[in-house]
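For what it's worth, the UniProt record's numbering labels the leading residue of the sequence shown as 1, then goes sequentially. C-beta atoms are modelled at their ideal positions from N, C-alpha and C, and glycine is treated no differently. These numbers come from a predicted model, not from an experiment. These notes concern the structure reproduced below.
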Amino acid sequence: MIKEYLHINKILDLNKWKRLQDSLATVTKLAILTVDYKGIPITSHSSCQAFCQNVRKDPELLPYCQKCDSRGGLEAVRLNEPYVYLCHFNIIDIAIPITIDGKYIGAVMAGQVKLADPEKGSDLEQIVTSKNVPMHAAKLEELKDDYAQLPVMTYEEIVKISNMLSLLCNYIVEEALNKNLLVEMFEKASGNQESLNLSTILPGYSIRNIESIKKEMTNAIADAYLKNSPIDAESSSPVLQPAFEYIHSHKSEQVSLKQMADLCHLSPSYFSRLFAKETGENFTTYLAKLKIKWAKQLLEVTDMPVSQISDELGFNESGYFIKIFKKFEEITPALYRKYIQEKM
Numbered sequence: 001m002i003k004e005y006l007h008i009n010k011i012l013d014l015n016k017w018k019r020l021q022d023s024l025a026t027v028t029k030l031a032i033l034t035v036d037y038k039g040i041p042i043t044s045h046s047s048c049q050a051f052c053q054n055v056r057k058d059p060e061l062l063p064y065c066q067k068c069d070s071r072g073g074l075e076a077v078r079l080n081e082p083y084v085y086l087c088h089f090n091i092i093d094i095a096i097p098i099t100i101d102g103k104y105i106g107a108v109m110a111g112q113v114k115l116a117d118p119e120k121g122s123d124l125e126q127i128v129t130s131k132n133v134p135m136h137a138a139k140l141e142e143l144k145d146d147y148a149q150l151p152v153m154t155y156e157e158i159v160k161i162s163n164m165l166s167l168l169c170n171y172i173v174e175e176a177l178n179k180n181l182l183v184e185m186f187e188k189a190s191g192n193q194e195s196l197n198l199s200t201i202l203p204g205y206s207i208r209n210i211e212s213i214k215k216e217m218t219n220a221i222a223d224a225y226l227k228n229s230p231i232d233a234e235s236s237s238p239v240l241q242p243a244f245e246y247i248h249s250h251k252s253e254q255v256s257l258k259q260m261a262d263l264c265h266l267s268p269s270y271f272s273r274l275f276a277k278e279t280g281e282n283f284t285t286y287l288a289k290l291k292i293k294w295a296k297q298l299l300e301v302t303d304m305p306v307s308q309i310s311d312e313l314g315f316n317e318s319g320y321f322i323k324i325f326k327k328f329e330e331i332t333p334a335l336y337r338k339y340i341q342e343k344m
């Protein structure tokens with residue numbers, strides 16, 4: 001599974017990505033193309049300039065363009081940051097690497113603009129110099145009108161845009177990956193209803209990603225079975241409504257009174273009084289009873305182990321969960337399930 005997710009075209013919805021790429025090209029005035037880790041385009045060019053289109057159509061000049069693309073991409077990977085360079089026609093190009101936990105999966109190639117302040121680009125690498133390119137002067141003369149129409153930007157603008165594109169593109173790809181993994185893990189978890197060791201299933205991925213996916217998946221599994229719960233998540237007090245909504249949509253968390261008071265923009269003491277007036281119980285008792293009610297539903301309609309139900313509902317350990325369950329129901333979760341099954 002992991003090898004599959006190293007392919008950027010397996011992570012992204014390419015139709016949606018292309019629409020985003022088109023919009024970014026329009027806004028930034030850069031031509032943009034996305035390639036996989038082999039340098040093979042996975043999208044068509046967005047806003048490709050007429051000059052560059054005509055140069056790339058020339059079979060003698062195309063290899064020099066491809067050499068610039070290849071070298072720029074390799075440098076971006078080596079540096080792990082956007083690489084700004086000059087092509088053989090003194091046009092600015094940018095290679096923006098896309099990585100997942102240090103793994104290079106592709107790049108966004110952007111550019112086809114001229115520098116407004118050429119002296120600022122004196123330190124930029126020109127991958128292929130014009131003296132080494134046959135027909136350079138003749139082609140430049142032939143396409144001088146197209147060359148004059150190339151967008152012009154300052155070096156500072158180019159750097160800012162390249163950094164913005166890097167942050168945006170990497171964020172979108174990482175979120176898309178997390179979503180894909182979440183869906184796959186949820187399907188497996190809901191299929192066999194057993195706890196999953198994500199670090200085994202997702203070797204090589206950072207703890208941050210794994211924990212994020214695990215947290216989302218935990219909420220998703222609980223919600224899938226409790227989404228038709230008759231428990232009312234609404235409050236008669238608009239002031240307290242954010243707390244009720246948060247509690248019901250974050251079943252896997254052990255939320256605190258202070259956390260909910262802050263969410264409602266109230267002091268803890270005032271929140272506590274309002275909450276008790278609304279529910280007839282103090283916050284801790286209400287939350288414990290609610291989680292036990294959810295636990296009973298999961299025991300009734302799923303085959304989840306008691307330890308997993310404990311995790312799904314945010315208890316620190318199953319022993320504590322069993323203790324709280326027994327306090328309210330005067331029976332252990334396992335015996336409660338057995339009793340329900342015998343009644344059916």
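{"Query": "Ile96 - partner residues in DSSP beta bridges", "Result": "Val108"}
{"Query": "Residue of Ala176, Val113 and Tyr147 minimising C-alpha distance to Met153", "Result": "Val113"}
{"Query": "Test item: CB-CB of Ile322 and Val306 under 9 Å", "Result": "yes"}
{"Query": "Bridge partners - residue 345, DSSP secondary structure assignment", "Result": "Only positions 1 to 344 of the chain appear in the structure, and residue 345 is not among them; the question remains open."}
{"Query": "Asp36: first and last residue of the uninterrupted beta strand (DSSP E) it sits in", "Result": "Ala31 to Asp36"}
{"Query": "Every unbroken alpha helix (DSSP H) inside the region 53-81 [4 residues or more]", "Result": "62-79"}
{"Query": "Beta-carbon proximity list for Lys326, same chain, < 7 Å, skipping 5 on both sides", "Result": "Thr332"}
{"Query": "Other residues of its chain near Gln21: CB distance less than 7 Å, five sequence neighbours each side excluded", "Result": "Ile32, Thr34, Thr43 and Ser46"}
{"Query": "Residues sharing a beta bridge with Ser46, DSSP", "Result": "Ile32"}
{"Query": "Neighbourhood of Tyr336 by C-beta distance below 8 Å, restricted to the same chain and skipping five residues each side", "Result": "Lys296, Leu299, Phe325 and Glu329"}
{"Query": "Distance between Ala95 and Gly102 (C-alpha atoms, nearest Å)", "Result": "17 Å"}
{"Query": "N-terminal and C-terminal residue of the alpha helix (DSSP H) that Met260 is part of", "Result": "Leu257 to Leu263"}
{"Query": "Beta carbon of Asp93 nearer than 9 Å to that of Asp69", "Result": "yes"}
{"Query": "Meets three-Cβ-pair contact criterion under 8 Å: the region 52-66 and the region 136-147", "Result": "yes"}
{"Query": "9 Å Cβ cutoff met for Tyr37 and Ile105", "Result": "yes"}
{"Query": "Distance CB(Ile98)-CB(Val108) smaller than 9 Å", "Result": "yes"}
{"Query": "Where Met153 falls: helix, strand or coil (DSSP)", "Result": "strand"}
{"Query": "Proximity of Glu125 and Tyr85 at Cβ, strictly below 9 Å", "Result": "yes"}
{"Query": "Check whether Leu274 and Leu266 have beta carbons under 9 Å apart", "Result": "yes"}
{"Query": "Simplified DSSP assignment, three categories, for Val301", "Result": "helix"}
{"Query": "Run of the alpha helix (DSSP H) containing Gln241, from where it starts to where it stops", "Result": "Gln241 to Ser249"}
{"Query": "Whether residue 345 touches Leu257 by CB criterion (9 Å)", "Result": "With the chain running from 1 to 344 in the structure shown, residue 345 is simply not present."}
{"Query": "Same chain, Cβ closer than 6 Å to Gly204, five either side skipped, listed in chain order", "Result": "Its pLDDT being 48, under 50, Gly204 is placed unreliably in this model, and the value from its coordinates should be taken loosely. Counting only Cβ-Cβ distances below 6 Å, and skipping sequence neighbours, we find nothing."}
{"Query": "Cβ-Cβ distance between Lys29 and Pro151 below 9 Å", "Result": "yes"}
{"Query": "Buried versus exposed call for Gly72 [16 or more other C-beta atoms within 10 Å across all chains shown]", "Result": "buried"}
{"Query": "Where Leu115 sits in the DSSP three-state scheme", "Result": "strand"}
{"Query": "Candidates Cys87, Ile340, Lys251 and Ser23, of which the one nearest Phe315 by Cα", "Result": "Lys251"}
{"Query": "CB contact flag (Ala110, Leu74, <9 Å)", "Result": "no"}
{"Query": "According to DSSP, residues forming a beta bridge with Lys277", "Result": "According to DSSP, which records beta bridges pairwise, Lys277 is partnered with nothing at all."}
{"Query": "Simplified DSSP state of Pro41, which is helix, strand or coil", "Result": "strand"}
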